[in-house]
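**Student:** Every number in our numbering is 4 more than the matching position in the sequence shown, counting from 1. Ideal Cβ placement from N, Cα and C applies to all residues, glycine included. If you're wondering where the values come from, they're calculated on a predicted model, not measured in any experiment. Structure in structure tokens, see below.
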Amino acid sequence: MINRIVTIFIVALFLCGCAGNVDDIQGYEKIESKNVVKAEIPFVELGVRDLLRVPMEITIDPVKDVFLVADDGYNEIIRVIDRESGALIDSFGTRGDGLGYLNYPRAILGPTQQTPDSIYVLEGFENKINVYNEEYDFVRQISIEWEGLFNSAKRISDRKIILSTSGGPSLVAFFDLDTEKLSYPSNQPLFPVPFDIAPIPEAALPEFFASKIAYNQQKDELYLAAEEIDVLQKYKPDGILIERFRGPDNFVPRGVLTPEGYFARIENSFTQVYCYPMEVIGDKLVVGYSGLGPNMDTPEDNSWENGNRLFIYDLDGLEKFHEIVMEDVIFTSGCVSAESEQKIYLIDVNPDKDGADIIEVDIGGFL
5 MINRIVTIFI VALFLCGCAG NVDDIQGYEK IESKNVVKAE IPFVELGVRD LLRVPMEITI
65 DPVKDVFLVA DDGYNEIIRV IDRESGALID SFGTRGDGLG YLNYPRAILG PTQQTPDSIY
125 VLEGFENKIN VYNEEYDFVR QISIEWEGLF NSAKRISDRK IILSTSGGPS LVAFFDLDTE
185 KLSYPSNQPL FPVPFDIAPI PEAALPEFFA SKIAYNQQKD ELYLAAEEID VLQKYKPDGI
245 LIERFRGPDN FVPRGVLTPE GYFARIENSF TQVYCYPMEV IGDKLVVGYS GLGPNMDTPE
305 DNSWENGNRL FIYDLDGLEK FHEIVMEDVI FTSGCVSAES EQKIYLIDVN PDKDGADIIE
365 VDIGGFL
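So this is what it looks like as structure tokens:
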């Protein structure tokens, strides 16, 4: 491992706001605290850039103490990497169509101490779950009948998970791994953002607002962050909205509804991406904020803006958080926590460097 000490600016910010209307599409007022604290905090690069190409998701196998990384750059999509040495131990999940194959995994649920023999990989476009055993052999496939695409998944308990989707009948759904049945919140949150925040045509909302999801077992709360607009929301599992806050950029998409019912963005959509990785650790919600991507229309300006920020929210009130800027790091949607160690792990895809790396951040000082 390569230890690096990075200067991090921790900005104590407070957001407050009320819902706006279509004429006031910002919707929320942003207030910055005058207290700015400069501090130093270490983070560690695992040093696996020669092993990762296009990593999208990451989790920890607590039984074998390894990382499981979904990497779109390999035919064996799931990479098994030792947490301590950074060595590649194994790979599985062959790319292809049909039973036992993967194409676009959107979530990995590692084994637990209760069920150490089961790893679940959720396929994004085909609404299926591939099940693997502790030796990483394919065991069986679970097909799920619902509209829309898988976007992310978290465990609620050992045998129950929660899914977020885009284009489906509900923003979230629960899935029982024993019965292999779906259920929905009694008050279905159809979309993560209401009409009064962004003037998006109603028919386009399910397709547009795909969200990342996190869950806090102690408080029994769901946290949702839209991938293409900086909005963070807190729900009860029954679908009742508790809190909603705009992110720091207050980006609102513009576009028109096509005859096919899809939202055609006026901007280059790749330049407006907020691929939030999220994890609950202790009494905090840690959000890796990817910000804006490079403008592919101007290759000479291949810079990533605001793609290196961590936000640590207080679960008792999302208006209270710390903003941490990490130099030379660009996050993707992958993030996992090791709560007993008070650490989180993020995927760094800085385009100025070859390959991608896993970044370890000790956030114990904020918990």
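Sort Lys158, Leu106, Gly102 and Gly77 by Cα distance to Val284 and report the nearest one.
**Tutor:** For the residues Lys158, Leu106, Gly102 and Gly77, the minimum Cα distance to Val284 belongs to Lys158.
**Student:** Quickly, what does DSSP pair Phe249 with across the bridge? List them, please.
**Tutor:** Paired residues: Leu236.
**Student:** Answer yes if the region 95-112 comes into contact with the region 44-59, meaning at least three C-beta pairs across the two stretches below 8 Å, and no otherwise.
**Tutor:** Taking 8 Å as the limit for Cβ pairs, the verdict is that the region 95-112 does not touch the region 44-59.
**Student:** For Leu153 versus Phe129, is the C-beta spacing smaller than 8 Å?
**Tutor:** Yes, these two residues count as a Cβ contact at 8 Å.
**Student:** For Gly359 and Ile351, what's the separation of their Cα atoms in angstroms?
**Tutor:** About 11 Å.
**Student:** By Cβ distance below 8 Å, which residues in the same chain neighbour Asn79 in space, the five residues on each side in sequence not counted?
**Tutor:** So the list reads Thr98 and Arg99, once near-sequence residues are dropped.
**Student:** Give the C-beta separation of Pro109 and Leu92 to the nearest angstrom, bearing in mind that I take them to be a contact with Cβ-Cβ under 8 Å.
**Tutor:** The pair is not a contact, with the Cβ atoms about 18 Å apart (cut-off 8 Å).
**Student:** From what residue to what residue does the beta strand (DSSP E) around Phe96 run?
**Tutor:** Where Phe96 is concerned, the enclosing beta strand (DSSP E) stretches over Leu92 to Thr98.
**Student:** Is there a C-beta anywhere in chain C that falls below 8 Å from the one on Ile81?
**Tutor:** This model lacks chain C altogether; it includes just one protein chain.
**Student:** In three-state DSSP terms, what is Gly51?
**Tutor:** Looking at Gly51 - three-state DSSP - the assignment turns out to be coil, as it is neither helix nor strand.
**Student:** If you follow the beta strand (DSSP E) that Thr63 is in, where does it begin and where does it stop?
**Tutor:** Per DSSP, Thr63 belongs to the beta strand (DSSP E) from Pro59 to Asp65.
**Student:** Which class does Phe370 belong to by DSSP, given the choice of helix, strand or coil?
**Tutor:** Looking at Phe370 - three-state DSSP - the assignment turns out to be helix.
**Student:** Write down the C-beta distance between Thr183 and Ala177 rounded to the nearest angstrom, noting that I regard them as a contact closer than 8 Å.
**Tutor:** Not really, about 14 Å apart at Cβ, beyond 8 Å.
**Student:** Can you tell me the Cα-Cα spacing of Val353 and Lys164, whole angstroms?
**Tutor:** The straight-line gap from Cα to Cα measures roughly 31 Å.
**Student:** Specify the secondary structure class of Ser89 as computed by DSSP and reduced to three states.
**Tutor:** Note: Ser89 maps to coil in three-state DSSP.
**Student:** For Gly321, count neighbouring Cβ atoms within 10 angstroms of its own Cβ and tell me buried if that reaches 16, exposed if not.
**Tutor:** Classification for Gly321: exposed.
**Student:** In three-state DSSP terms, what is Ser174?
**Tutor:** Residue state, collapsed to three classes: coil.
**Student:** Along the chain, where does the beta strand (DSSP E) that runs through Asp352 open and close?
**Tutor:** That run of the beta strand (DSSP E) goes Lys347 to Asp352.
**Student:** Could you tell me if Asp75 is buried or exposed, where buried requires 16 or more neighbouring beta carbons within 10 angstroms of its beta carbon?
**Tutor:** Buried.
**Student:** By the 10 Å Cβ neighbour count, where 16 or more other Cβ atoms means buried, how is Gly368 classified, buried or exposed?
**Tutor:** Its Cβ having fewer than 16 others within 10 Å, Gly368 is exposed.
**Student:** Buried or exposed for Ile62, please, with buried defined as at least 16 other CB atoms from any protein chain shown within 10 angstroms of its CB.
**Tutor:** Answer is buried; the Cβ neighbour count reaches 16.
**Student:** Where does the unbroken beta strand (DSSP E) through Ile112 begin, and where does it stop?
**Tutor:** Where Ile112 is concerned, the enclosing beta strand (DSSP E) stretches over Pro109 to Leu113.
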